[in-house]
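Residue numbers (my numbering), protein chains in the order written: chain A, 1 to 212; chain B, 213 to 420.
For glycine and all other residues, C-beta sits at the position ideal for the given N, C-alpha and C.
Only one structure is covered here, and it is reproduced in the block below.
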Amino acid sequence: MTDTDLKPRRGEQTRKELMDLAEIAILEKGYAATSIDELIAQAGITKSGFFYHFGDKLELAKELLRRDNATIEAGLQQMFEVAEAAHPDPLDALLETMTQYAQAASASPTSRPGCLAAAFSYQHALFDEEMQQLVLYGLDFKRRMIRERLERAAAKYPPRERVDLDALADMAIAIVQGAMIMDRVRDPPPVMQAQMDLYRTYLRAIFAPRAA
Amino acid sequence: MAVKVLSKGEATRERICAAAERIVLEKGFAATSLEEIMDAAKVTKSGFFYHFKDKHDLAKALLQRYVDHDTRIMDELFERADALIDDPLHSYLAFLKMFAEVMDDLPDRHPGCMIASYCYQDQIYHREIRQMSAEGVLTWRKRFRERLDAIAKRYPPRAAINLDALADMNITIVEGGIILDKGRAEKGALPRQVLMLRDLIKTLFAPA
């Protein structure tokens, strides 16, 4: 291998390392308390090395949320596909995916579970419109993906009363976000899965009332 | 609602807390300077330090104030619901409806929860802050749980339900609803989620 083969790869690796370190720091203590100096010290690079990869801290934060959105979107898609392959019934597949979703949300590289979008939302005045759009994008794809499955469940099991499927899809997101906050604040055991179980019981009652 | 007349000192303290809470919920505690809080509250440095020893002292005061305030709103709404309705389930449903209305009537979207704000920042490393936060959510859980017990006694739930989890869900949905509200362009996500919770409780308890 020549130098030119190695360089871009090492650069990419440094970039990823900086992002991983920043993600952990921001999830642990927030954006404002995370400094470029501590990140370069941990990564063992110079300040100019940092600025080679990111224009500033704000750009790094946006890149983190872009990456997070892409990871969660692909992860959720895969969870749905695996569950749908295993469960021909659309409601069963949805219920199974919701368990997986809650479990994935609880897994964290940090000491407590957390969500970058939520962390940024609680410091929104430090950011710009583009960041707001990235947060919104994250809420939108989750709603869209869950709603699509709720529609399939509703087609097979027509609910007795009219249900706002957007709000019902959002409820899964709200529960995951809220449970993460609870689990950051409270000592173990985590509340996440029990919160999601209630949502699943609710879905069963709405769509397959006799089976509930 | 009873309006308490504040002394001049109490009024200043309250003004500082209100200004600080607004700023902290917008940009976080670490990014908020004491100078800008003093500016916003229109108090001098000595005025500020008469009321608070340091920034950490203020952090604790803001958290306690938030928990007390939320608990008071909750108690008042439950009292109103109880005055109107004897049945524990229907009183709870009325409470949630009124709570959603209060959220919907806010001039702007919900400014945020101090517990959630701190938990996403380095305040979470302070033992006292963490303890106060945990106690806050446990106080709320206990209040909901007592009422859910009374409901479950009269209306056996249609499925096996973890009542602690259902009590927690009142907090979870509000915290998560605030995150949705903050992220969405249009306001209204939070009250809508509170009404979803209301429907969940109605569905789980009301006889089919």
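- Taken through DSSP and simplified to helix, strand or coil, B:THR244 comes out as coil.
- Boundaries of the alpha helix (DSSP H) around B:PHE261: 257-263.
- Counting only runs that start and end inside the segment 279-328 of chain B, the alpha helix (DSSP H) elements of at least 4 residues fall at 300-316.
- Residue contact with chain B for A:THR201: present (Cβ-Cβ distance below 8 Å to some residue of chain B).
- A:ASP89 and A:LYS156 have their C-alpha atoms some 9 Å from each other.
- The beta carbon of B:VAL314 does not come within 8 Å of any beta carbon belonging to chain A, so the residue lies off that interface.
- In the DSSP assignment, A:GLY75 falls within the alpha helix (DSSP H) that extends over 57-86.
- With respect to A:ASP183, A:ARG112 sits close: the two C-beta atoms are nearer than 8 Å.
- In this structure, the CA atom of B:GLU398 is about 13 Å from the CA atom of A:GLN133.
- Under the 8 Å Cβ criterion, the segment 102-109 of chain A does not count as touching the segment 40-48 of chain A, having fewer than three qualifying pairs.
- Sixteen is the threshold: when 16 or more other Cβ atoms of the shown chains lie within 10 Å of the Cβ of B:LEU275, as they do, the residue is buried.
- For B:ALA364, same chain residues with a beta-carbon under 7 Å away, outside a window of 5 residues either side, are LEU375 in chain order.
- B:SER245 does not reach chain A, its nearest Cβ partner there being about 11 Å away, counting only Cβ pairs nearer than 8 Å.
- Separation of A:LYS62 and A:LEU136 (C-alpha to C-alpha, rounded to the nearest whole angstrom) is 13 Å.
- CA-CA distance, B:GLY395 to A:GLY138, rounds to 9 Å.
- In the DSSP assignment, B:PRO403 falls within the unbroken alpha helix (DSSP H) covering 401-417.
- For A:ASP37, no CB of chain B lies under 8 Å from its own CB, so it is not counted at the interface with that chain.
- Contact between the segment 116-132 of chain A and the segment 325-332 of chain B is established, with three or more Cβ pairs separated by less than 8 Å.
- Residue environment: B:ALA253 is assigned as buried (16 or more neighbouring CB atoms within 10 Å of its CB, all protein chains considered).
- For the segment 300-334 of chain B, the set of residues with a beta-carbon nearer than 7 Å to any beta-carbon of chain A comprises GLY324, ILE327, ALA328, SER329, CYS331, TYR332, GLN333 and ASP334, in chain order.
- Against chain B, the beta carbon of A:HIS124 has neighbours under 7 Å at GLU238 and LYS394, listed in chain order.
- Chain-ordered listing is empty here: chain B has no CB closer than 7 Å to the CB of A:LYS57, the nearest sitting near 12 Å.
- In this structure, DSSP gives A:SER111 a state outside helix and strand, which the three-state scheme calls coil.
- What B:LEU378 touches in chain A, judged by beta-carbon distance under 8 Å, is LEU198, going in chain order.
- A straight line joining the alpha-carbon of A:GLU130 with that of A:THR14 spans about 25 Å.
- Of the other Cβ atoms in all chains shown, fewer than 16 fall within 10 Å of the Cβ of A:GLU59; this residue is therefore exposed.
- Taking a beta-carbon distance threshold of 8 Å, A:LEU65 does not count as an interface residue toward chain B.
- Contact of A:LEU76 with chain B by beta-carbon distance below 7 Å is absent, the smallest such distance being about 17 Å.
- When rounded, the separation of the alpha-carbon atoms in B:LEU270 and B:ARG277 is 10 Å.
- Scanning its chain for C-beta atoms nearer than 6 Å, with the 5 sequence neighbours on each side dropped, one finds around B:PRO369 the residues LEU416 and PHE417, in chain order.
- Cβ neighbours of B:GLY389 within its own chain (closer than 7 Å, five residues either side excluded): ALA401, LEU402, GLN405 and VAL406.
- By the Cβ neighbour-count rule, B:PRO319 is exposed, with fewer than 16 other Cβ atoms within 10 Å of its own.
- For A:GLU84, the closest of A:ARG152, A:LYS142, A:GLN193 and A:ILE175 by C-alpha to C-alpha distance is A:ARG152.
- At a cut-off of 8 Å between beta-carbon atoms, B:ALA231 makes no contact with chain A.
- In the DSSP annotation of this structure, the continuous segment of the alpha helix (DSSP H) that includes B:VAL386 starts and ends at 375-395.
- C-alpha of A:TYR122 to C-alpha of B:GLN343: approximately 20 Å in a straight line.
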